[in-house]
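Below is one structure, written out as structure tokens; comments come after it.
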Amino acid sequence: MASEKISSSSKPIAMLKVLNPFHIWALGVGIVLVGEFMGWNFTVGKGGAYASLIACWVIGLLYTCVAMIDSEVTSTVAAAGGQYTQAKHIIGPLMAFNVGLYLVMAYTMLCAADALVVGDLMKSGAEVMGYTSLDTKPFVVLTVVFLAWLNYRGVFATLTLNLVITFLAFMSLVVLFFSVDPLHQGVVLQHEGLLTDLPYGWIGVVASLQFGMWYYLGIEGTCQAAEEVRSAGRSIPLGTMGGMMTLLVAATITWFVAAGLMPWQYLGQAVTPMYDAATLLGSSQLQLMLFVATAFAAIASANGCINDASRAWFSLGRDRYMPVFFGAIHPKYRTPYRSVLFLVPIAISFAFTGLLDQVITFSILSGLLSYTFMTFNMIKFRKMWPLGSIHRGYIHPFHPIPAITLLTLCCATYFATFLGYGASLLSIMAFYILASIWFVLRRYKYVKRADQFTMPWPRPKGY
Amino acid sequence: MNKNYTPPNQGMFGQIFDTILVLVLVYSSLMLPLLFKAAAKAEDAAAAAATAVKATWESLGQNAVQQAQWIKLGYDPDKAASLINSRFDYTIDPVMLIITIVVVGGYFWFMLKVSDKEYREVIREKFDNK
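Taken in order, these protein sequences are the chains called A and B.
Counting from 1 along the first sequence, just add 16 to a position and that's the residue number in the working numbering.
Counting from 1 along the second sequence, just add 16 to a position and that's the residue number in the working numbering.
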């Protein structure tokens with residue numbers, strides 16, 4: 017239970033349980049959908065158009081495993097912090113600390129990238145209207161500050177906004193799909209002339225798995241809201257699996273349209289490929305629609321990221337893994353307001369570094385480390401509390417096949433990252449290794465041992 | 017029955033110090049790869065300057081459909097050449113690959129070992145010291 021003793025009073029304050037499965041869908045898809053508007057196309061750059069399609073489906077399988085595993089564990093460990101809280105109850109404090117950091121870093125960096133996209137998009141729009149030197153920085157700041165204010169005021173309004181703008185952004189992809197006369201090749205779409213053999217061979221297919229994660233990165237964020245949904249056992253699996261199906265459809269549509277309109281060498285490096293696709297069709301209405309939809313997708317993603325990063329940071333503070341100051345809930349709005357406010361300048365400063373590819377790679381790798389953790393977590397969870405020993409809101413089928421599949425695909429994606437981004441991989445690993453050593457030597461002494469296990473479960477088997 | 021561990025309280029200065037330390041680590045790891053990239057970019061620029069020739073759609077290997085789409089996107093052969101000729105190098109350095117495997121594998125091994133030790137303390141306090 018999310019409760020916290022405010023210094024001046026001993027009355028426990030809990031977060032409000034106001035969300036339904038549609039909000040969960042909006043949280044998950046809202047964070048991810050921006051990946052269909054930009055970023056996914058770097059898979060094309062790493063391996064060609066066909067490699068991108070293969071990556072879309074292979075990484076789709078990785079995320080289906082993530083969604084299955086997450087739905088079972090989250091519907092059983094229904095508490096703020098999501099995978100962090102799971103790690104605390106199943107693996108141990110050091111793993112939990114690292115998982116908390118993965119979540120904070122993945123979402124804060126993604127939020128920074130989203131704000132950068134909003135800024136760049138405004139610049140593109142201004143150029144179309146004849147203003148060539150628009151400064152993007154005020155738009156970056158405005159986006160983050162406005163969304164942080166929404167998050168500060170309450171989760172219901174935050175995720176209701178996400179529900180509306182995410183749905184509109186998704187529908188714009190559907191409209192774009194039907195605008196290109198998809199059943200008649202050669203009329204608008206030119207797959208026959210544009211699709212080539214694999215330019216790097218099969219190693220390019222493996223390499224493209226790295227950015228294939230952009231098609232779905234963040235869907236697991238649904239479980240961050242576990243403490244604020246009315247029925248975690250129903251809402252989390254419904255919202256998460258529904259979100260995965262939406263994303264698989266959106267990713268396939270996105271690839272089909274873009275690969276049929278642009279040469280792969282252009283597509284592989286484009287900043288806003290779907291907006292470019294609309295521009296190529298020569299319709300100003302479609303161009304305007306994709307401009308608005310790209311902005312909506314980036315705002316929805318940044319919004320969800322602030323929501324999730326602040327809850328993960330709040331959980332770390334509440335458990336004293338990070339300074340306890342951050343573990344406070346607002347007495348009126350019932351939100352982790354100090355964590356929300358703390359992450360605002362951090363997200364803005366990441367955006368202002370201008371290191372978009374570094375920021376994205378940090379986000380992707382933090383997500384990948386988190387998925388690797390899920391495999392150990394699931395195996396241990398079933399071993400320590402076998403089926404029937406505790407109440408589970410949802411039981412995923414075919415265990416342990418999803419966990420083994422997930423681990424195999426994670427290893428392939430590490431190798432994909434090594435191909436082209438090896439230095440970034442080692443540098444980010446160095447961060448997590450140093451942070452772990454710091455936790456063991458300094459932070460762990462502030463942690464109350466018995467308080468790390470709060471679920472009403474029997475003693476785990478083997479302990 | 018053993019007494020539960022009581023952690024010390026951390027003062028405000030300590031909390032600020034710990035927060036800043038984590039931020040410094042994050043920014044350092046963001047900036048570090050730039051050192052490698054700066055060197056690589058300088059080499060690429062030198063190589064590109066050495067091999068620069070006048071590009072045509074044919075020399076760039078673009079068929080009629082591809083050419084038409086490039087033109088619609090506002091590109092001529094010279095402008096498109098930098099995108100078309102920019103390619104990843106997937107040559108695998110076995111030493112770097114082994115180092116990467118050891119680092120990632122070692123990180124998870126260390127994490128699971130230490131976490132297990134800490135988790136046993138948690139369970140002991142939770143279930144034995146009621």
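Note that the Cβ used here is the ideal one computed from N, Cα and C, for glycine as well.
Quantities reported herein were computed from a predicted structural model and do not represent experimental measurements.
{"Check": "For Ile-100 (chain B), tell me which candidate among A:Tyr-168, A:Arg-408 and A:Val-60 has the shortest Cα-Cα distance.", "Outcome": "A:Val-60"}
{"Check": "Is Leu-211 (chain A) helix, strand or coil when you go by DSSP?", "Outcome": "coil"}
{"Check": "Within the 9 Å Cβ cut-off, does Thr-22 (chain B) reach chain A?", "Outcome": "yes"}
{"Check": "Listed in chain order, which residues of the stretch 81-112 of chain B have Cβ atoms closer than 7 Å to some Cβ of chain A?", "Outcome": "Val-81, Gln-82, Gln-85, Trp-86, Lys-88, Leu-89, Leu-99, Ile-100, Phe-104, Tyr-106 and Met-112"}
{"Check": "Is DSSP giving Val-34 (chain A) helix, strand or coil here?", "Outcome": "coil"}
{"Check": "Report yes or no: is there a C-beta of chain B within less than 9 Å of the C-beta of Ser-278 (chain A)?", "Outcome": "Here residue 278 (chain A) is Met; the residue named in the question, Ser, does not match the sequence. Chain B, which has a Cβ nearer than 9 Å to the Cβ of Met-278 (chain A), makes this yes."}
{"Check": "What does Ile-36 (chain B) reach in chain A if we use C-beta pairs closer than 7 Å?", "Outcome": "In chain order: nothing, as chain A lies at least about 10 Å away."}
{"Check": "Taking the straight line between their C-alpha atoms, what separation do you get for Glu-20 (chain A) and Arg-327 (chain A)?", "Outcome": "In this prediction, Glu-20 (chain A) has a pLDDT of 38, which is less than 50 and means its spatial position is unreliable; nothing more can be read from the coordinates."}
{"Check": "Quick one: does Glu-485 (chain A) have its CB under 9 Å from some CB of chain B?", "Outcome": "Residue coverage of chain A in this structure runs from 17 to 479, which leaves residue 485 (chain A) outside it and unanswerable."}
{"Check": "Beta carbons nearer than 9 Å to chain B: which residues of the stretch 340-368 of chain A have them?", "Outcome": "Val-340, Phe-341, Phe-342, Phe-358, Ile-362, Ser-365 and Phe-366"}
{"Check": "Looking at chain B, which residues of the stretch 417-449 of chain A have a Cβ within less than 7 Å of any of its Cβ atoms?", "Outcome": "Tyr-430, Phe-434, Leu-435, Gly-436, Gly-438, Ala-439, Ser-440, Leu-441, Leu-442, Ser-443, Ile-444, Met-445, Ala-446, Phe-447, Tyr-448 and Ile-449"}
{"Check": "How about the stretch 196-215 of chain A and the stretch 304-324 of chain A: do they share at least three Cβ pairs that are nearer than 8 Å?", "Outcome": "no"}
{"Check": "For Ala-314 (chain A), which option in A:Arg-334, A:Val-50 and A:Leu-117 has the closest C-alpha, if you only look at C-alpha atoms?", "Outcome": "A:Val-50"}
{"Check": "At which residues does the alpha helix (DSSP H) containing Gln-468 (chain A) begin and terminate?", "Outcome": "That residue, Gln-468 (chain A), is in no alpha helix (DSSP H); it is neither H nor E in DSSP."}
{"Check": "At a Cβ threshold of 9 Å, is Thr-116 (chain B) touching chain A?", "Outcome": "yes"}
{"Check": "Just to make sure I have the definition right: I need the residues of chain A whose C-beta is within less than 7 Å of the C-beta of Val-120 (chain B). Which are they?", "Outcome": "Tyr-430 and Met-445"}
{"Check": "Provide the residue(s) that pair with Val-480 (chain A) in DSSP beta bridges, ordered along the chain.", "Outcome": "Outside the shown range of chain A, which is 17 to 479, sits residue 480 (chain A), and nothing can be said about it."}
{"Check": "CB Pro-352 (chain A) to CB Phe-330 (chain A), shorter than 9 Å?", "Outcome": "yes"}
{"Check": "Just to confirm, is the Cβ distance from Ala-173 (chain A) to Leu-163 (chain A) under 9 Å?", "Outcome": "no"}
{"Check": "Measuring only between beta-carbons, confirm whether Ser-452 (chain A) sits less than 9 Å from chain B.", "Outcome": "yes"}
{"Check": "Would you mind telling me which residues of chain A sit closer than 8 Å to Glu-74 (chain B), beta carbon to beta carbon, in chain order?", "Outcome": "Chain A residues near Glu-74 (chain B): none, gap ~15 Å exceeds 8 Å."}
{"Check": "I'd like to know if the stretch 69-78 of chain A and the stretch 255-269 of chain A are in contact, where contact means that at least 3 CB-CB pairs between them fall below 8 Å.", "Outcome": "yes"}
{"Check": "For a test of the three-state rule: what should DSSP assign to Val-144 (chain A), helix, strand or coil?", "Outcome": "helix"}
{"Check": "Using a Cβ-Cβ distance cut-off of 9 Å, determine whether Asp-136 (chain A) contacts chain B.", "Outcome": "no"}
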